[in-house]
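**Q**
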Amino acid sequence: MTTTPTPPTKTTPAVPADPVGKKPPTARSLTWARRRHSVARFWSSYRSHRAGLFGLAALALIALTALAAPLLVGGDVQSVTDAPGTAMEKPRGEFPLGTDQFGRSLLGLLVWGARISLTVGLLAATLSVAIGTLVGIIAGHYGGWFSTVLMRITDWFLVMPALVLAIVLATVMSRNIWTVIIAIGVTSWPTTARLVRAQTIAVESRPYIERAKALGGGHGHIMNRHVLPNVMPLVLAQTTLGISSAILTEATLAFLGLGDPTVVSWGGMLQDAREAGAVSSGHWWYLAPPGIAIALVALAFTLCGRAIESVLNPKLGVAR
Numbered sequence: 096m097t098t099t100p101t102p103p104t105k106t107t108p109a110v111p112a113d114p115v116g117k118k119p120p121t122a123r124s125l126t127w128a129r130r131r132h133s134v135a136r137f138w139s140s141y142r143s144h145r146a147g148l149f150g151l152a153a154l155a156l157i158a159l160t161a162l163a164a165p166l167l168v169g170g171d172v173q174s175v176t177d178a179p180g181t182a183m184e185k186p187r188g189e190f191p192l193g194t195d196q197f198g199r200s201l202l203g204l205l206v207w208g209a210r211i212s213l214t215v216g217l218l219a220a221t222l223s224v225a226i227g228t229l230v231g232i233i234a235g236h237y238g239g240w241f242s243t244v245l246m247r248i249t250d251w252f253l254v255m256p257a258l259v260l261a262i263v264l265a266t267v268m269s270r271n272i273w274t275v276i277i278a279i280g281v282t283s284w285p286t287t288a289r290l291v292r293a294q295t296i297a298v299e300s301r302p303y304i305e306r307a308k309a310l311g312g313g314h315g316h317i318m319n320r321h322v323l324p325n326v327m328p329l330v331l332a333q334t335t336l337g338i339s340s341a342i343l344t345e346a347t348l349a350f351l352g353l354g355d356p357t358v359v360s361w362g363g364m365l366q367d368a369r370e371a372g373a374v375s376s377g378h379w380w381y382l383a384p385p386g387i388a389i390a391l392v393a394l395a396f397t398l399c400g401r402a403i404e405s406v407l408n409p410k411l412g413v414a415r
């Protein structure tokens, strides 16, 4: 009697266990690792710009002072009825920067005004860059007659003086802090729009955009997943540079009497000094502090913006 040999059974080879016991990295962990590496590389390059570090340190100091204003000077520093000093006192021990026409401490007003000036500059620049980025990406992506119409509108805003348009908007709208933000934001976006449009056209000429379209990627997918991440470095640099311009515009509007009269800002302090006759009477301690503060903040943001531009586009540093 013969027995039929049984065929050998196939066994699945065992997957060797990870000697360390760690799980394989996920897509999200890899993404965050790349982001951390990019941030570390950006900071390493940024540290080589001394002017950028000086601007960043100055902005950090001013921002911390503005955030701590209620603790440093108190919330009643704006009160006219409870002013601790007499009108137009010269700088002395109790009032290092003197007092205004109501007897309020100019140092306290300067610290408190930093909150409004920085807030207006940041929000107005963000609004301006958001509008410019949206218009630039749409115009660069679609092209054709639609892009031509958008660019002609952009050119119209570009040739019109932004300050004049802001004055008109601030005049016809109610006088509050949001009016100033909107007036600055909707009049200063054309430069960003043209820069983003040019960058969008350059990005969409790359081969991987054609592959994404061939695989069925729609307009929204192309703009959100491919174009926007590539123009974000330009948008970041433009935002940093736009904040200084927005702060100067806010100070100009407040100096012209078009700001919010219920809040204290550096431009509003200059307007109050002009109305109090500080220019003609030689009360320099009323005029100099807010003017110097505006100049320092604008310079700090400009230095940071230039440093960011040099890091994101090394060719600019070589050209300079």
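Residue 169 in our numbering sits at position 74 of the sequence shown, and the numbers go up by one each step. Note that beta-carbon positions come from the ideal geometry of N, C-alpha and C, so glycine has one too.
Tell me whether S124 sits in a helix, a strand or coil according to DSSP, three-state version.
**A** helix
**Q** Tell me where the alpha helix (DSSP H) around V326 begins and ends.
**A** Per DSSP, the continuous alpha helix (DSSP H) segment holding V326 begins and ends at 323 to 350.
**Q** Would DSSP call T194 helix, strand or coil?
**A** strand
**Q** For the alpha helix (DSSP H) that L213 lies in, which residues bound it at each end?
**A** Per DSSP, L213 belongs to the alpha helix (DSSP H) from 201 to 237.
**Q** Run through DSSP, which three-state label would D355 get?
**A** coil
**Q** Just the C-alpha distance for D250 and L329, rounded to the nearest angstrom, thanks.
**A** Note on geometry: alpha-carbon atoms of D250 and L329 lie some 20 angstroms from one another.
**Q** Taking contact to mean at least 3 C-beta pairs separated by less than 8 angstroms, is the stretch 229 to 241 in contact with the stretch 358 to 371?
**A** no
**Q** Measure the C-alpha to C-alpha separation of Q196 and A161 and round it to an integer number of angstroms.
**A** In this structure, the straight-line span from the alpha carbon of Q196 to that of A161 is close to 23 angstroms.
**Q** Within 10 Å of its beta-carbon, does L201 have 16 or more other beta-carbons around it, so buried, or fewer, so exposed?
**A** buried
**Q** Could you compute how far the alpha carbon of A135 sits from the alpha carbon of L407?
**A** 13 angstroms
**Q** From G312 to R292, what does the alpha carbon distance come to, in whole angstroms?
**A** Cα to Cα, the separation comes out at about 20 angstroms.
**Q** Assuming W284 and G227 form a contact by the criterion Cβ under 8 angstroms, report the distance between their Cβ atoms to the nearest whole angstrom.
**A** 4 angstroms
**Q** Are the Cβ atoms of A261 and I342 separated by less than 7 angstroms?
**A** no
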